[in-house]
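At position 56 of the sequence shown (counting the first as 1) the number is 51 in this note's numbering, and the numbers step up by one without a gap. Read through the structure below, which is laid out as structure tokens, and then see the notes.
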Amino acid sequence: MLRIDESLFFGNSESVHRRVIQATQQYPEAHEIILIMSAVNHIDLTGQEMLISLNQELLNQNKHLNFSFIKGPVMDIIEHTPVITTLSGQVYLSTMDAVNALKDI
């Protein structure tokens, strides 16, 4: 589980991508990755493209990207985009929902 502590935009999307990849390398046994999005108030096109790319990169490693706690305005932006439509995992209302659903996988 990784929490994103600010909006996703062109200025930080590369560092977020890099941090997620570092975490998956540090914990190679993790196959379900949860991004906690509770602090994300906005996502621009660069942030969306990063999440799409990250999802595919993780999928190529037999890992699934999941989101938890996406705020309504952010979900309104991404719900009909490849960020969600091609997501290898699921979108959960809360982090606890994600943990409970994924703990036995």
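Beta carbons are placed, not taken as given, at the ideal position from N, Cα and C, and that holds for glycine.
For residue i versus residue j, is the C-beta spacing smaller than 8 Å?
i          : j          : result
residue 93 : residue 38 : no
residue 86 : residue 45 : no
With a cut-off of 8 Å, does the C-beta of residue i fall near any C-beta of chain D?
i          : result
residue 85 : You won't find chain D in this structure, because it holds only one protein chain.
Between the alpha carbons of residue i and residue j, how many angstroms are there, rounded?
i          : j          : result
residue -1 : residue 41 : 15 Å
residue 4  : residue 36 : 11 Å
Given residue i, which residues of its chain have a CB within under 7 Å of its CB, disregarding the five upstream and five downstream residues?
i          : result
residue 81 : 47 and 50
Rounded to whole angstroms, how far is the Cβ of residue i from the Cβ of residue j, which I believe are closer than 8 Å?
i          : j          : result
residue 27 : residue 61 : 6 Å
residue -3 : residue 31 : 7 Å
residue 63 : residue 83 : Their Cβ separation, rounded to whole angstroms, is 15 Å, which puts residue 63 and residue 83 out of contact at 8 Å.
residue 78 : residue 43 : 5 Å
residue 19 : residue 66 : Residue 19 to residue 66, Cβ: 25 Å. No contact.
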